[in-house]
Amino acid sequence: PLVSMNEFLPKAKANKFAVGQFNMNNLEFAQAIVEAAIQEKSPFIYGVSEGALKYMGIEFTVAIAEAAAKKSGLPIALHLDHGSSFEVAMKCIRAGFSSVMFDGSHYPLEENIRLTKEIVKAAHAMGVSVEGELGTIGGVEDDISVDEADAALAKPEEAIRFWEETGVDALAIAVGTAHGMYKGEPKIRFDIIREVAAKVPVPIVLHGGSGVPDDAIREAIQCGVGKINVNTENQIACTDKIREVLGKDSKVYDPRKYLGPAREAMIEVVAEKIRLFGSSNQA
Ligand code: G3H
Ligand code: ZN
Numbered sequence: 065p066l067v068s069m070n071e072f073l074p075k076a077k078a079n080k081f082a083v084g085q086f087n088m089n090n091l092e093f094a095q096a097i098v099e100a101a102i103q104e105k106s107p108f109i110y111g112v113s114e115g116a117l118k119y120m121g122i123e124f125t126v127a128i129a130e131a132a133a134k135k136s137g138l139p140i141a142l143h144l145d146h147g148s149s150f151e152v153a154m155k156c157i158r159a160g161f162s163s164v165m166f167d168g169s170h171y172p173l174e175e176n177i178r179l180t181k182e183i184v185k186a187a188h189a190m191g192v193s194v195e196g197e198l199g200t201i202g203g204v205e206d207d208i209s210v211d212e213a214d215a216a217l218a219k220p221e222e223a224i225r226f227w228e229e230t231g232v233d234a235l236a237i238a239v240g241t242a243h244g245m246y247k248g249e250p251k252i253r254f255d256i257i258r259e260v261a262a263k264v265p266v267p268i269v270l271h272g273g274s275g276v277p278d279d280a281i282r283e284a285i286q287c288g289v290g291k292i293n294v295n296t297e298n299q300i301a302c303t304d305k306i307r308e309v310l311g312k313d314s315k316v317y318d319p320r321k322y323l324g325p326a327r328e329a330m331i332e333v334v335a336e337k338i339r340l341f342g343s344s345n346q347a
């Protein structure tokens, strides 16, 4: 069965590794992610954005994740990514999600705390884990687009207070990464991660994991990151491979002929991330 993130996040923080959240966009993504995790014997999180939920349909999303859990025997969390309201979070939980993120980062702090608290209360009563967010992460993800100029780093004192008052199971803070690939090197504020991680018992979540250099990922984990989100790198691997296959053969018409190789390409990406995050053999 699908499990809450609390099945593996405390261990990740204690043993300094990170569990990957890999976003599910369709069946091939879901299959590639679980296949890589089976190879690496790793727990993982299926992230599903509201946009992806609309695209796949909630019933298919849950059924696919449950099939992956059954097939693999691995601890898998099915997690709403950047949930925008109490209603969406409850809809997901009722449908079978084992974890939800509430992204109240665009609200004033007090309002973010109040709304996040309500979700934590309801979710915890049903054994579902919750991720909250503080500070604004730049870049574009689905319908969420934040200008780099509006991206704001999390303030450590606020992040600590946010955790104390909400009791979230994982804390996403803006520390300099952005959604999507980077134009230059991201400047990650390891000092902020370290300061917050020292004062809250739950792991810090790093959003915008695509395109972050391996060394920066390793250092972030040492500082207290225990969950890392990756989507764009898989999207690029998938689309690049499809382009390559279609470019080589203008007569191909069977989708399996390009979706199969695309799925293989994503297995590679995910397996490499799992090894980098140190979660191999932690299932
Ligand atoms: O919530 C999802 C992630 O933060 C994905 O970011 O597409 O830059 O890997 P990414
Ligand atoms: Zn994100």
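For this note's numbering, count along the sequence shown from 1 and bump the result up by 64.
All C-beta atoms, glycine included, are put in the ideal place defined by N, C-alpha and C.
P267 sits close to V289, with the two beta carbons spaced by under 9 Å. Under the rule that a run must span 3 or more residues, the beta strand (DSSP E) segments found entirely inside the stretch 155-206 read 163-166, 193-198, 202-205.
Cβ-Cβ distances below 6 Å link V98 to A132, S136 in the same chain, with the five nearest sequence neighbours on each side left out; the list follows chain order.
Each of D145, H146, I201, E205, H243, H271, G272, N293 has a C-beta closer than 7 Å to some heavy atom of ligand 2; these make up the full list, in chain order. The beta-carbon separation of A215 and A242, rounded to 7 Å, stays under the 8 Å limit for a contact. Taking 8 Å as the cut-off, the C-beta of G111 counts as close to a heavy atom of ligand 1. Rounded to whole angstroms, G272 and L142 show a C-alpha spacing of 18 Å.
Inter-residue distance for Y322 and G160 is about 31 Å (C-alpha atoms, whole angstroms). CA-CA distance, F86 to V333, rounds to 10 Å. Under a 10 Å Cβ-count criterion, Q286 is classified as exposed, with fewer than 16 other Cβ atoms of the shown protein chains found around its own Cβ. C-alpha of E228 to C-alpha of E175: approximately 15 Å in a straight line.
A distance of 9 Å or more separates the beta carbons of S169 and G203. The way I'd put it, the stretch 311-321 doesn't touch the stretch 104-123; fewer than three beta-carbon pairs between them come closer than 8 Å. With a cutoff of 8 Å, S162 does not count as near ligand 1, since its C-beta is closer than that to no heavy atom of the ligand. Between L66 and S162, the beta carbon gap of about 4 Å places them in contact (Cβ cut-off 8 Å).
Put simply, the backbone Cα of I257 is about 44 Å away from that of G311. Under the three-state reduction of DSSP output, G324 falls in the helix class.
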